[in-house]
Every structure is written in structure tokens, then in C-alpha cells.
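One structure is given here, and the rest of the page talks about it.
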């Protein structure tokens, strides 16, 4: 399970618009992944986008989101024809 720093918890618990600026290797992606996973679980009928400058970066963040979802709610990740792929994740 992911252990979060205090600034990451503050970022995740902020309900308004967010922007995060920090140095390299500080945990931005983990905080964003946790935040996205939490939002997806709380808003199951919505569409969540992961947008990045490159497809590789977006895919890496998607993998982190899936890892967080697996930690939080492993049975909620769809299986079979609705299983997660690089461009779509469906929650039960």
C-alpha cells in the first residue's frame, strides 16, 4: 500500500481545481494516481481523462492509477472483455 507524505494527502484531499509544481522524483505521479483513482471510485458514471505531453507518460500514469485501484478496491476492476487496456478502464 502506498504511504503518502503530508503534502500528498493535502493535494488529494483538496476538492477544488488543482495544480502541482515540484521537483523531480518527489512523488507527484503517485499523488496524481491516488487522486485519480479516488475520483474514479467516487464518480463511477463519469469519464476521467489522463492527459500528458507524451503517450508514454500518460500510460505510465494509467499504470500507477490501476495499481492504486488494485490496492484500494481490487474487486472493482472489470475483467474479461471490459478488462483494463492502455486506453480504457471500466469499473464495476
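Numbering (the numbering used here), first residue to last: 8 to 99. All C-beta atoms, glycine included, are put in the ideal place defined by N, C-alpha and C.
Practice item. Report buried or exposed for residue 64, applying the criterion of at least 16 other Cβ atoms within 10 angstroms of its Cβ. Key: exposed
Check your understanding: Is there contact between the region 11-30 and the region 49-59, where contact requires at least three CB pairs shorter than 8 Å?
Key -> no
Review point. Are residue 84 and residue 77 touching if we call contact CB-CB under 8 Å?
Key: yes
**Study point:** Enclosing alpha helix (DSSP H) for residue 71 [first to last residue]
**Key:** 62-79
Practice item. Determine the contact status of residue 41 and residue 73, defining contact as a CB-CB distance below 8 Å. Key: no
Review point. What is the residue span of the alpha helix (DSSP H) that residue 42 lies within?
Key: 35-49
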